[in-house]
Amino acid sequence: MSSVSPLAADVREHPEAPLEPNGRARRVGGPGLRYVGARLAGLVVLLLLLSLGTYALLDASPGSTERLLLGNHPQTPAAVAAVRAEYHLGDPFFVRYGKWLEGVAHFDFGTSIRTGEQVTSAVGRAAAITLTLGAISFLLVLAIGVPLGMWAAVRRGGRLDRAIVGGSVMAVSAPPFATGVVLLYLLAVLAGLFPAAGAGTGVTDRLWHLALPALALALTAIATIVRMTRTAVVRELEQDYVMFARARGLSERRVLWRYVMRNASIPVLTASGLVLGYMVGGAVLVEVAFSIPGLGSLLVDSVNYKDLPMLQGAVLTIATAVLLINLTTDVLYMVIDPRVRLGGRRRG
Amino acid sequence: MVHRSEGRVRRTARRRGLASGALLAVAGLLAACGGSGSSGRIETAAQSSQRVSNAPIAQITWATANAGRSLNHYTSNEPGTIIALSNVLGGMLQFDRDGKLQPALADSWRKVDPVTYEYDLRPGVRFSDGTPLTATDVVYSLGRNVDPKGGSILNSFYGSVKSITADGPMRVIVKLKHPDNFWHYIPAHTAGWIVEKRAAERAGKRLGTPSAPPIGTGPYKIAEFVPDDHITLVVNPYYWGPKPRVQRITIKTIADDANRLVAVRTGDVQGTFDVPLASSQQWEGLGNVNLTTTPSVFYINMVYNTRVKPFGDVHVRRALSYAIDAKGIVDSLFHGNARVATAFPSPELWVGNGLTAAQAAARQAALPQYQFDIARAKQELAKSSVPHGFTVTTPVPPAPGYLSQIIQVIQADWAKLGVKLTIKQEPETKWLTDTEQRNFQVLLTEGYADFPDAMENPYYNYDGKFANPLGFNLANYENPALDKLLDRQLVEQDQAKRLQISFQALQIAQDQVANQQILWEQQVMALDKQYTLADYGPWTFFTPWAARLGKVG
């Protein structure tokens, strides 16, 4: 009996399959860490540029913070002057930006002009909700979308395949707030299974409150994952190594999960990164329909009040989340596919 | 005050955008398919009279359309803040359902002379932290509004105040710079609310944030505050008045109209003051709540910028006013949840001036009016400098949504005169700036009365000294004869004479029509059928309404 794995010959002949003969993936080495370090440095630069741009744009937008704060009571000049002094609204742009930046260097993101709260606590609270919502939604997308995509690929051409693809296209066509209202009606009003509004307090209560909005958000993104998974799996299933593996007598399940999925996962991973990024942005629409006080409403309120410190905090939090998601996607790339050495020496 | 409220209302349209159509359609589905077939009639507050049981109620959840951004009434005057704080804070006086002044923290008060008011504090009152109420707290709380460095947005209510002093621990003396017929309402208004001094000073800038809630004398105190989400109140054990029945009330922010409707339908929420007027019929299908209506303090007004051609011409203003179909708007857009206006003040506001609502309605109806009549409008325009019509633009904010709807109705009617109106949708910030800078030709606004005095809005909207960016004479109207009357009514001590002067002023105002009031709004409350709210009226939000909730018994 040969001591070499029966698949070794296959792998030698088909180097595009990323698995080593012993079944383990190559480990990320030194060049990978340098790459991550460089990316993180770039992230900081990006955030700085973003903060300057956001500050400038909001500052230049019409409307005066004093008027927004003072509301619609007739005001004395002394009151207006007091508000301007309090929030340094009369200082030139770079002085104000500089003061903000100085605070940030000491991890002080300032106080909200609108609510008087510390920006870190307000953004922290809102981000916890939005990121939880995005995460649950993302998991739902993967949990529903990947199996459906695989199923469609395996049964490609058939009725089930067409039904799954058709269904997911319908889901992506409906905007999340519309889907949300339908889910509200069906599951909260008719069935009484879920609450109608708010984000809840406490872990289980929060999960219960976020279930419907997460589902609404997930449904719109599922199409992307279904189609991506289906395409990737179909392509892998047509590869020669699969035919040979089957010819070797491996079960269909083993072929699918051990080999096909591993290879198909790369494009799915890319799409997932995009989907997760969308989740963070798409959460805004759903938050409105379900009255969830997340980053979405915080952004809108901050813009409407020209609440510069709060807006900076919210925008930078979202940007950091999206950038970190992108970075994680790229790193996972390297982990899954040892042929890819981003920023390092390419394998010959 | 005048001008599109950041205040009370329905900022719901702001974030809905496209969502509104889809959501309302589905909400309509909900209402049609929901309910156990009750008639869905909206009862007037006067009609509904239910016996209240004294059984305690453990918890009630209330929905508000507008988030309280902070619980500091000095800096945040939004509905979400007010309806919570009115249960926590109180003033020396309080409005009753009809708007009459009643004793509260002051059990008696007197006007010693036209510029001196004395208030005697109720003995034995404690704040929710157990501290006794003294005149020092009152002087501090009211004084913050006077001092511009106190950072209070309510300082305009204290414009005529010279000094607020304590005369011993239980008496407060307010001295004015000149007589002011608007002053005596202030102790019952949010501008007269009293906070515990030491706690407020300790809190400093953090007052009203979750870490430093205000300490008051009201029936409730703040248990939890999550900005933009909810405020939870629990009973104040030291409250000086009758013990409230509801032990705990959570005021939840649900800005989206459809979501609020769903939350009421599922019972997540037991009541709300924010039943949208333009879509109240969807709420009428709910079987588990009663709908009650009462006049509100809000009105809709068309402003003509008299400094811009051709709106300096009174014939143009009259012509355009004749072409506004107020009754049509009330019937079709508000579904009867409004009344055609005959001047700035709604009849209920005359209680402070010494007239009943019926008397006021009759006298106002006799003033020059501009009932919808296209023929008359054309005649009037023919006398003007632009008999063949002209083009005009108007800016419209995103919220409340019905402003856009109303202006479109007006656009269609003005077109019949040859007046081409272009509607410019603007973001809120830009709209506020344009309003302030008088950067408009005509402007549709929503305004409100701060207290039950009929002359408040005529004064601030018509007096020439307010025709500037800090004031509310949006029409930039300057008429020395009218100013004389408006200034006189502010200081006139004889009530009968003041009435006479007031109507003389209104006569000119209506004749010159620099502002055309279109309608007075109603307000509609939805409340779970098992509960009732006593004395629901236009001033309910300024008073500890949560303490008047009870089980129907």
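In order, the protein sequence lines correspond to chains A and B. Take numbering that gives the first Met the number 0: the last position of the first sequence gets the number 347, and nothing is skipped along the way. Take numbering that gives the first Met the number 0: the last position of the second sequence gets the number 552, and nothing is skipped along the way. Positions of the beta carbon are idealized from the N, C-alpha and C atoms, including for glycine.
Within chain A, no C-beta atom comes nearer than 7 Å to that of B:N514; the closest sits roughly 16 Å away. A:S111 and A:M309 do touch by the CB rule: their CB atoms are close to 4 Å apart, below 8 Å.
Using a CB distance below 9 Å, the part of the stretch 301-328 of chain A facing chain B consists of V302, N303, Y304 and K305, ordered along the chain. Between B:I59 and B:I248, the alpha-carbon positions lie close to 5 Å from each other. About 17 Å separates the beta carbon of B:L505 from that of B:M301, a gap too long to meet the 8 Å contact definition. For A:T53 and A:W99, the gap between their C-alpha atoms comes out near 13 Å. The Cβ of B:S69 sits closer than 7 Å to at least one Cβ of chain A. The beta carbon of B:Q492 sits closer than 7 Å to those of P113 and P178, all from its chain and outside the five residues before and after it, given in chain order. Sequence-distant partners of A:A246 (beyond 5 residues in either direction) whose C-beta falls short of 6 Å from its own C-beta are missing from its chain.
Around A:L183, the beta-carbon contacts reaching into chain B at under 7 Å are V261.
Closest option to B:K99, judged by alpha-carbon separation, among B:P537, B:W544 and B:V523: B:P537. In the DSSP secondary-structure assignment, B:A105 is bridged to B:L120. According to the DSSP assignment, B:G549 belongs to the beta strand (DSSP E) that extends over L548 to V551. Within chain B, no C-beta atom comes nearer than 8 Å to that of A:L130; the closest sits roughly 16 Å away. When the alpha-carbon of B:T252 is set against those of A:V225, A:A195 and A:A263, the nearest one is in A:A195.
B:W192 is the residue among B:Y118, B:W192 and B:A360 whose C-alpha sits nearest the C-alpha of B:N154. With fewer than 16 other Cβ atoms inside 10 Å of its own Cβ, A:G191 counts as exposed. Contact annotation for B:R205 against chain A: G115 [CB-CB distance below 7 Å, chain order]. For A:G281, not one C-beta of chain B is nearer than 7 Å to its own C-beta. Interface criterion not met: the Cβ of B:I406 is under 7 Å from no Cβ in chain A. For the C-beta of B:G215, not a single chain A residue is nearer than 8 Å; the gap to the nearest is close to 18 Å. Looking at the backbone, the Cα of B:G463 and that of A:L132 are separated by about 54 Å.
Comparing C-alpha distances from A:R234 to each of A:M149, A:P212, A:R338 and A:V202 shows the shortest one belongs to A:M149. Under the three-state reduction of DSSP, B:P131 is assigned to strand.
For B:I422, the enclosing beta strand (DSSP E) has its first and last residue at V418 to Q424.
The Cβ atoms of B:I299 and B:L518 sit closer than 7 Å to each other. Put simply, the backbone Cα of B:L175 is about 4 Å away from that of B:V160. The C-beta of A:T53 comes no closer than 7 Å to any C-beta of chain B. Nearest to B:E42 by C-alpha distance, out of B:Q522, B:N86 and B:T542, is B:Q522. B:D527 has B:V288 as its beta-bridge partners, per DSSP.
Looking from the CA of B:S345, the closest CA among B:F94, B:T74, B:T135 and B:D449 belongs to B:D449. With respect to the 7 Å criterion, A:S167 and A:V225 are classified as neighbours on the basis of their beta carbons.
Within chain B, the residues placing a beta-carbon under 8 Å from that of A:T75 are P147, N154, S155, G158 and L469, ordered along the chain. In the assembly as shown, B:E195 is a buried residue. Its beta-carbon has 16 or more other beta-carbons within 10 Å. Taken atom to atom, the span from the alpha-carbon of B:G167 to that of B:L104 is near 16 Å. Each residue's CA atom was taken as its position, placing B:L402 and B:G284 some 25 Å apart.
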